[in-house]
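In full-length UniProt numbering, the protein residues as written are 1 to 120.
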């Protein structure tokens, strides 16, 4: 496709990288399923893992987020997160207001997103 000069209005558009993480191990991705997920205030997700990588962003509310063995992070509207495949997510807890977030699930052609809650 030949390069063209963007319109003046388009030239004012800015792009900022907010998340750039490796998908390791590499994953064949045939599709991405995006879900709008809601959690009532005070709801803990509990220790869990996913069967594929999840990239997400907080739409409203705030979440206490911690990958097992890493520091706790408070996610607020506009913040993004990454949950690697099969990695133990120790906390993803709605704080003092209802939470809405988007989760983008990287999937193979026949795969459906799944979550597991290990005992410990």
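Every residue gets a Cβ at the ideal spot worked out from N, C-alpha and C, and that includes glycine.
Chain-order list of residues whose beta-carbon lies under 6 Å from that of residue i (same chain, five-residue window excluded)
{"i": "residue 116", "result": "49"}
{"i": "residue 30", "result": "108, 109"}
{"i": "residue 23", "result": "53"}
Through-space distance from residue j to residue i, alpha-carbon basis
{"i": "residue 43", "j": "residue 95", "result": "7 Å"}
{"i": "residue 91", "j": "residue 20", "result": "22 Å"}
{"i": "residue 82", "j": "residue 41", "result": "22 Å"}
{"i": "residue 38", "j": "residue 13", "result": "31 Å"}
{"i": "residue 4", "j": "residue 45", "result": "48 Å"}
For residue i, the residue or residues it bridges with in DSSP
{"i": "residue 97", "result": "Looking at the DSSP assignment, residue 97 forms no beta bridge with any residue, so it has no partner."}
{"i": "residue 64", "result": "74, 93"}
{"i": "residue 55", "result": "82, 104"}
{"i": "residue 33", "result": "105"}
{"i": "residue 110", "result": "Paired residue(s): none; residue 110 is not in a bridge."}
Cβ shell of residue i (< 8 Å), same chain only, five flanking positions each side left out
{"i": "residue 27", "result": "52, 53, 85, 106, 108"}
{"i": "residue 60", "result": "77, 97, 98, 99, 100"}
Same chain, Cβ closer than 7 Å to residue i, five either side skipped, listed in chain order
{"i": "residue 75", "result": "58, 62, 63, 65, 81"}
{"i": "residue 25", "result": "none"}
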